[in-house]
Amino acid sequence: TLKNNYITLLSQYKNAGYNAVVFQVRPAADAFFKSPYEPWSEWLTGKQGRAPIPEFDPLTFMVERTHAQKMEFHAWFNPFRAVATTQYADVCANHISNTKPEWFFSYGGSKYFDPGIPEVREYLIKVIVDVVKRYDIDGVHFDDYFYPYPVQGDNKKFIELPDDKTFQKYKGNFTDKAAWRRNNVNVFIRDCNAAIKKEKAWIKFGVGPAGVWRNKREDPDGSETNSLSAYDYLYADVLTWLKNGWIDYAAPQIYWNINHQYNQFEKCVKWWDEHAYGRNIYIGLGAYNQESGTAVGWGDPNEIPNQIAITRKYPHVQGIITYRSTTITKNPMNMVNLVKQKCFNRDVMMPKMPWLENSPNSPEATIIKAPRQYVVHWTDEKQKTLPADDTPVFYAIYRVKGKNPDFVPSQKNFLKFTDNCDLRLFHKGKAWFRKKFYTYKITSFNRYHVESAPSKPIIIKYSKKDRVE
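Quick note on this note's numbering: the sequence shown kicks off at 82 and runs consecutively.
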C-alpha cells in the first residue's frame, strides 16, 4: 500500500543519514493531497480524479511520518506543467486544462500553463498557498521546469513557443520576447515567495534549477560549461532570485560526473558557491546515473561520496540533494552504504538561514534523581505566550566529558535531537559513567531552525555516591 511503501522508503532515507525529504506533491496540475482546486493525481491512484481507497489524505500522513523521524518535509510542485503527455493522458473533465483552456499552450507533446497570463500566476500561487496553509510542511520546492525545455523540429532547429498572442496582449513596455518571458517567471517567483512568507514565515522556499545559469560564451559572468542554460532556454534567471532574496536556497542540478567533458563537476560547484548572494546553495547530485551500471563516467562506486566531498570544500554550499528515491531503494554499486560510511556518519544540524532568524528562548534545565537513572528535564514557561513560529519544536542536547560549565555547544559535542523535554540517563552498571564528570547543555530550535542560546550547564558526577553539581 501507499502508506507501507512510504514508511519503508522513509526508513531507508533515515538509515542512510538523510535529514529531509523532497516529495513531488503536484506533478501536472493534479494532487497527492485532497485539493479544493485540482483532481487526485494519476501517479497516486492510477487514474486522474480517483481518490485513494480507503480515502485518506496522503500528504497529511507523509508529513506526520516524516516529522516523527525528525526529518523535514519539503513539498515539491511542478508549477507550469499541466499534462505530461497529451497523446496518452486521460485527463478528467474538471481538470483545469479543460475548464480554462485559454490558459494553456501545447508544446513538444505536453500541455503547459502560459506563464505570461497574470491570472495563471495568481491561480498557481493560490494552489501552493492552500497547501502551505493546511499542511505542516517545512518547505516549498520547485524543480527546473518553468517555460518548457526547447524541442527540435525536423530542421534540427528549436521550435518556437506558441505564445505570440499572450505576448501581444501582456507585453507592456517589453519589445524583447525573451526578456518578457524571464520577467513573467521573475514576477511569479517574487509573488510566490511573498505569499508563502505571509502565510507562514518559517516555510523555506527553494528552486532546483538546471545546473547552468549561463555559459561563459553567452555571458562573462557565466560558468565554464557547455550546456543548455536556464536563463536563455527556460527563462529562469536564478541569480535575480538569489540577489533579491526571493528564494531561500538554490539547488542546481549538477547531474554530471566529476570529469565530465564539458561540464566539470567542481567547476560548476565553485561557480554556484561564488554566486550565492547570501542564500544557501544545495548541490543536486545525479545519483540516478549509477542505477543502470552503464552510464558513461559513472562506473566508480565512490563517485557520489567523492562529489559530496567536493561540495564540502565551498563555504556557501550548505548541503546536497540526491535525485532520485529509487537510488536509495536499489542501492546501486553499494552507493548508499558508501555515502553513509564516508559522508553521513553522524547527525548534523539543518543549514542555518540567518535572514529568517527569530531566536527562541533558552530552555531552563534541571536534574531529577530517580532509581537507577538521572532525568535531565527542561521547560520554557515563556513559550506558552509565543507565536507559532517562535515556539520550540525540538531540542538539541550537547555533552562533554569533565566538569566544564563554560563549554560552547558545537557539532563536535552534539549528542542528539529530541522533541521531548527530558533526557533519561541510566547509570547503574554502566562502566563509562563511573567516577566521571559529564556536563550537559540544552538548546531549543523553532520552525526556522534557529537555535536558542544554551541552558545553564548541568554537571553530573557518577560514582558509588552519585551527585549533581
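Just so it is clear, CB atoms sit at the ideal spot from N, CA and C, and this is done for glycine as well.
Beta carbon of residue 363 nearer than 8 Å to that of residue 400: yes
Residue nearest to residue 262 in terms of C-alpha spacing, selected from 283, 326, 194, 482: 194
Contact the segment 163–174 vs the segment 182–202: 3+ CB pairs below 8 Å: yes
Alpha carbon of residue 337 to alpha carbon of residue 445, nearest angstrom: 49 Å
Simplified DSSP state of residue 388, which is helix, strand or coil: helix
Through-space distance from residue 93 to residue 517, alpha-carbon basis: 37 Å
Simplified DSSP state of residue 408, which is helix, strand or coil: helix
Buried/exposed call for residue 268, threshold 16 Cβ in 10 Å: exposed
Coarse secondary structure for residue 305, derived from DSSP in three states: coil
Cut-off 6 Å between Cβ atoms - residues of its own chain near residue 98, not counting five sequence neighbours on either side: 421, 425
Beta carbon of residue 306 nearer than 8 Å to that of residue 344: yes
Collapsed DSSP secondary structure at residue 277 in the structure displayed: helix
Unbroken beta strand (DSSP E) run spanning residue 482, endpoints: 475–482
Three-state secondary structure (DSSP) of residue 114: coil
Contact under 8 Å by Cβ, residue 177 with residue 272: no
Unbroken beta strand (DSSP E) run spanning residue 498, endpoints: 495–499
Residues bridged to residue 445 (per DSSP): 460
Sequence-distant residues of the same chain with beta carbon closer than 8 Å to residue 88, five excluded per side: 146
CB contact flag (residue 154, residue 218, <8 Å): yes
Cβ pair residue 407, residue 398 closer than 8 Å: no
Reduced DSSP secondary structure (H/G/I, E/B, other) of residue 520: strand
Nearest-angstrom Cα separation, counted from residue 522 out to residue 537: 7 Å
Residue burial classification, residue 159 (beta-carbon count within 10 angstroms, cutoff 16): buried
Segment contact, 8 Å Cβ cut-off, at least three pairs: the segment 407–416 with the segment 123–133: no
Secondary structure of residue 354, DSSP reduced to three states: helix
Opposing strand residues paired with residue 366 [DSSP bridges]: 335, 403
With 16 other Cβ atoms within 10 Å as the buried cut-off, status of residue 367: buried
Sub-8 Å separation of residue 484 and residue 524 beta-carbons: no
Cβ-Cβ distance between residue 47 and residue 186 below 8 Å: The chain is shown from 82 up to 550; residue 47 falls before or after that span and cannot be answered.
Residue from 482, 478, 494 with nearest C-alpha to residue 526: 478
Cβ pair residue 457, residue 503 closer than 8 Å: yes
Chain-order list of residues whose beta-carbon lies under 6 Å from that of residue 313 (same chain, five-residue window excluded): none
Buried or exposed (CB count within 10 angstroms, at least 16 for buried), residue 285: buried
Three-state secondary structure (DSSP) of residue 547: Summary for residue 547: the model assigns pLDDT 47, below 50, so the residue's position carries little reliability, and this model does not support an answer.
Short Cβ contact (8 Å threshold) for residue 214 with residue 280: yes
Buried/exposed call for residue 109, threshold 16 Cβ in 10 Å: buried
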